[in-house]
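Respectively, the protein sequence lines represent chains V and E. Just add 1014 to wherever you are in the first sequence, counting from 1, and you've got the numbering used here. Just add 1014 to wherever you are in the second sequence, counting from 1, and you've got the numbering used here. Even glycine gets a Cβ: it sits at the ideal position worked out from N, Cα and C.
Number of protein chains: 2
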Amino acid sequence: MPRFPQTADRIQHLEGSVFEKFREKMKAQGDKLVRLHIGDTYLQPVYSLPINSSFMEQHRMFHRYCHTYGIDRIRKALVTKLQEDNHLPVSVDNILLTSGATNALSIAVHTLVNPGEDVLVLTPAWPFFFGMVNMAGAKVIEVPFYTRLFHNPDFSISEYLARYLTPQTVAIYVNTPNNPSGKVLDAQQLQQIGEFARQHRLWIISDEAYDGLTYDGRPHISIGQLPGLFDQTLTVFTFSKIFMFAGLRLGYLVASSEMIHACNRTLVHQLYSPSTLAQYMMIDPIQTRHQWMPRVQRHYQELRDRFIHGLEISVPVPEGTYFIFFSLKPFLNGRDYWQLFHQLLENGVSVAPGQDFGRDFQDYVRLCFTGEPPERLQIAIDRLNRFFKTLC
Amino acid sequence: MPRFPQTADRIQHLEGSVFEKFREKMKAQGDKLVRLHIGDTYLQPVYSLPINSSFMEQHRMFHRYCHTYGIDRIRKALVTKLQEDNHLPVSVDNILLTSGATNALSIAVHTLVNPGEDVLVLTPAWPFFFGMVNMAGAKVIEVPFYTRLFHNPDFSISEYLARYLTPQTVAIYVNTPNNPSGKVLDAQQLQQIGEFARQHRLWIISDEAYDGLTYDGRPHISIGQLPGLFDQTLTVFTFSKIFMFAGLRLGYLVASSEMIHACNRTLVHQLYSPSTLAQYMMIDPIQTRHQWMPRVQRHYQELRDRFIHGLEISVPVPEGTYFIFFSLKPFLNGRDYWQLFHQLLENGVSVAPGQDFGRDFQDYVRLCFTGEPPERLQIAIDRLNRFFKTLC
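Listed below in C-alpha cells is the structure:
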C-alpha cells in the first residue's frame, strides 16, 4: 500500500511535462534559445478582448461559480459555431465547457474507459493522452497511422485497424488536424475510421484541438458530422490554438446529451465548474471569428511556407496544426539520436523528442513554427541549416 | 465492457452537481427564490483587480501556457503568504497551482490512493470528495466527527479514529474550517489527528479551502505546520472563498517538493497547466491581503450573527466558513425529511440536503449566509422563521 512516503501505483510510470527533463539545459541558454519545442503562438490574441474597466459591470456574476455545464451565453454562441463551422447537429445540451482540451480529454477517458480495457490510439499522438489512459487503469494500443498517410493516402484503413483490435478495445482516439504530424484527415479516411468504430461499437474520442488550423484551403472535417456517428463520438475543442489563448485554459466537449450528462459527473469531480471569467471573455471572439480567423490562418500558412522553404532539408509539409514532424534517421550516420537532440539544443534550437508521440517515432523530432516571432523563427532556420550541414 | 452506448463503471454511481436534481424546481421560482444552497459570496472582489487596459501590456505572456507548476511570481507571493499566515515551512518548490480546490483535491487523491484502498473521511464532508475517492477505485470510510465536537470538544480523537482504521487505509481527509458544520479545529485536536496519521503512516489530505474564514478571533491552524507533519500532508487552498473569486477557478496545493513533483504528473494529465491569466490576476490581491481580508471577515461575521440571532430556532454557531448546518429532526414530528425540504423550497428558500455530506446527516440541512446580499438574507430569515413556526 502506498502509505507515506509512497505514492499510488498509477503515477509511478507517468511522465510529467515532456519538457521537464530539458528544463535546466534550456534555462541555461536563456534568451539565446529559440524555442520550437512547445505548441503555442507568439501572437497575442488578435481579436478584441474584454479586459477593460467595463467588464466587471457588464458581467456582474464573473466572480461566482457558474452552472457546472458552462454559462448559457457561451454555449449558445458555440451552438452556432459548431453548426456553421463543424456541421455538427448540436443544441446547448450537447456542449460541456472544460478547462482546456486536456481537461476535456481526461474527462472523456475517465467517463468511457474501465481499468483493464484497451484504447486504440492512432499515432503519432499527443503525449499526454497515453498517460490519461494509463491513469484510468486502461491500456493504450498504438496504431502507427498519420505519417504513413503522407506516402500512401489510399491504404485500406478498416483492414489495417482491424489488425490492432482486441476483445478489450472500447474506444479509438482520433486527432485531426494531427499533432505532431500536421496531417489533416479527409472525409473518406474519416468515413473508414467511423465505419470501423461503428462495426465494433467503439467510442470515438475525436481530438480537434487544431480545429480551424488547416492550410491550402483544406477543410477540417469533424468525424461526428458524418452520417450516424454523432452519438458515438466525443469531440474535443479548445480556445488554446486558433483562439491564441492557451493561458486561459478553456475548452469544450461535444457529444450526445446523455454523454454530456455523464461527462459532467466526471467534470464536477475534477474541476467542479469551468471558469466563469474565462467563458465571458470568449463569447465575443466566438461571434466575431469570421473577421479575424482567416487572417491568423494566412499568417500561420506564411510561417509554415517560410519554414519549409527556408529549411535546406526536405520534410513532410504539414496540412494543418503548427508543427513540422520528421525523422532524424537520415542524419544519424551511426550517431545516437539523443546526441543530435542535445547538440541541437546546444546550437540554440529546442525541439520536442519524437518518442513522446509514440513508440514508432523514436527517431523523430517535432518543431513548432508559430511559437516564436518571424525574426526569431528565421534565426532558428539558419541554425537548423548550419546544424544539418555539419551532419552531412 | 462499456462499449457504445455504455459508460465506464466508475461513473455509474457518481452523483453530478448536488443541486442538479432541484434545478428545475429552483428555476421555476425565478428571482423570488433566496438561494442559500450554494457556497458562494454575493460580494464582488473587494480588492483592486487588474482587469484594465494595461493588463495585457504588463503581462505580455498572459495568453500563453505557463510552467505546469505555475508562474514564479505567484508561487513567490504564496511562499510569503504561507509562511506568514499558515506558518508552513515552504519554498517555491512546495507549491503547485491548480484549477481551484476541487482540482487540487482530485490531483491529491489520484496521486496517493490505489484502487481497493481506503480513505478515512471525517464527516460531515464536502460532497464531491466521496466521489473523487470512488473515481480512483478506492473506498471512503466515513467517520462522523465535526458535529460531535460542538457538544464534546475533548473526546479522545486518537482512540475514536482507531475504531475506523482498516488494513487498507492509506489516507485521512481533514477539513478545517469545516464545510458544512462551520467547525474550526484547534491545535490540540489537530495534534491528535496528526499523531494518529503518523502512527499509522497515513497521508493527510488537508482541505483548507476556508482558510482565512474564521470568526471571533479564532485562528485557522494548518495541520502541516505542526511538528513533523509537513512531509506527510497535502494541503489544499483556493481563491474561491476568502478571495471571493470562485469564477476564476484557481487554487493551490502545498506539500513536500517530492510530492509536488508527483502531483504535477497527475496535473498535466487532468489540466496540462494552470491558467496563466488567472495567476497574473491574483498576485497583487495576495500581496495586499492584510488590507482587505479583515474587512471581509468582519462583514461575514456580521452576516453570521445577523442570521443566527434572526433565526427563532436554535442552531450550532459556526466558528468559520459561511455555513449553518443543523438537523431538521426536531421539526419533523412524523413528517418526511424530503417533504420539509421541498416545502422549504416552495416557501422561497433553497438549502443543501444533509445526506450529501455523509451518511449520518440525512436529516440535516446546510445554509449559506454569504451567497445573497444582506437584504435578501433578511427575507430568507423571515421565511425560515414563518416556516419553522408552522411546524411546531
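Min CB distance residue i to chain C below 7 Å
i: asparagine 1189(E); result: The structure shown has no chain C; the protein chains it does contain are V and E.
Counted within 10 angstroms of its Cβ, other Cβ atoms place residue i as buried (16 or more) or exposed
i: cysteine 1406(V); result: exposed
i: glutamate 1173(E); result: exposed
i: arginine 1349(V); result: exposed
i: asparagine 1192(V); result: buried
i: aspartate 1045(V); result: exposed
i: proline 1019(V); result: exposed
i: leucine 1030(V); result: Residue identity check: residue 1030(V) is glycine in the sequence provided, not leucine. Buried, by the Cβ-count rule.
i: tryptophan 1352(E); result: exposed
i: aspartate 1370(E); result: buried
i: glycine 1368(E); result: buried
i: arginine 1232(E); result: exposed
i: glutamate 1333(V); result: buried
i: histidine 1323(E); result: exposed
i: lysine 1035(V); result: exposed
i: glutamine 1246(V); result: buried
i: proline 1288(V); result: buried
i: asparagine 1189(V); result: buried
i: proline 1299(E); result: buried
Chain E residues whose Cβ lies nearer than 7 Å to that of residue i
i: cysteine 1080(V); result: Gly1261
i: glutamine 1058(V); result: Met1070, His1077
i: asparagine 1117(V); result: Gln1284, Leu1285
Neighbouring residues, chain E, relative to residue i (Cβ below 8 Å)
i: glycine 1151(V); result: Pro1129, Gly1151
i: valine 1216(V); result: Sequence check: residue 1216(V) is leucine here, not valine. Going along chain E in sequence order, the residues near leucine 1216(V) (Cβ under 8 Å) are Arg1017, Phe1018.
i: phenylalanine 1142(V); result: Val1282, His1283, Tyr1286
Collapsed DSSP secondary structure at residue i in the structure displayed
i: tryptophan 1306(V); result: helix
i: alanine 1223(V); result: coil
i: proline 1141(E); result: helix
i: alanine 1201(V); result: helix
i: threonine 1190(V); result: coil
i: glutamate 1333(V); result: coil
i: arginine 1373(V); result: helix
i: proline 1158(E); result: strand
i: alanine 1366(E); result: strand
i: arginine 1397(E); result: helix
i: phenylalanine 1383(V); result: coil
i: serine 1341(V); result: strand
i: isoleucine 1235(E); result: coil
i: arginine 1049(E); result: strand
i: isoleucine 1327(E); result: coil
i: threonine 1404(E); result: helix
Interface partners of residue i on chain E, CB under 9 Å
i: glutamine 1246(V); result: Phe1018, Pro1019
i: asparagine 1361(V); result: The premise fails here: asparagine 1361(V) is roughly 24 Å from chain E at the closest Cβ pair, so nothing lies under 9 Å.
Cβ pair residue i, residue j closer than 7 Å
i: aspartate 1377(V); j: leucine 1342(V); result: yes
i: threonine 1302(E); j: phenylalanine 1076(E); result: no
i: leucine 1243(V); j: isoleucine 1237(V); result: yes
i: threonine 1082(E); j: valine 1282(E); result: yes
i: arginine 1087(V); j: isoleucine 1109(V); result: no
i: valine 1329(V); j: phenylalanine 1340(V); result: yes
i: aspartate 1054(E); j: tyrosine 1079(V); result: yes
i: leucine 1119(E); j: glutamine 1239(E); result: no
i: serine 1195(V); j: threonine 1249(V); result: no
i: glycine 1265(V); j: glycine 1114(V); result: yes
i: tyrosine 1224(V); j: threonine 1116(V); result: no
i: proline 1138(V); j: glycine 1372(V); result: yes
i: phenylalanine 1069(E); j: isoleucine 1065(V); result: yes
i: histidine 1051(V); j: alanine 1276(V); result: no
Chain V contact residues for residue i, given Cβ-Cβ distances below 8 Å
i: glycine 1114(E); result: Leu1285, Tyr1286
i: serine 1289(E); result: Ser1113, Gly1261, Leu1262, Arg1263, Ser1289, Ala1292
i: histidine 1124(E); result: Ala1022, Arg1024, Ile1025, Met1149
i: glycine 1030(E); result: Thr1082, His1275, Asn1278, Arg1279, Val1282
i: asparagine 1066(E); result: Ile1065, Asn1066, Ser1067
Cross-chain neighbours of residue i in chain V, by beta carbon under 7 Å
i: serine 1120(E); result: His1283, Gln1284
i: glycine 1145(E); result: His1283
i: methionine 1258(E); result: His1077
i: isoleucine 1052(E); result: Tyr1079
Would you list, in sequence order, the uninterrupted alpha helix (DSSP H) runs of no fewer than 4 residues that lie entirely inside the stretch 1240-1319 of chain E?
-> Within the stretch 1240-1319 of chain E, complete alpha helix (DSSP H) segments of at least 4 residues are found at 1271-1284, 1290-1301, given in chain order.
Kindly provide the ranges of any alpha helix (DSSP H) runs that are 4 or more residues long and lie completely inside the stretch 1071-1148 of chain E, ordered along the chain.
-> Those alpha helix (DSSP H) runs which fall completely within the stretch 1071-1148 of chain E and span 4+ residues are 1086-1100, 1114-1126.
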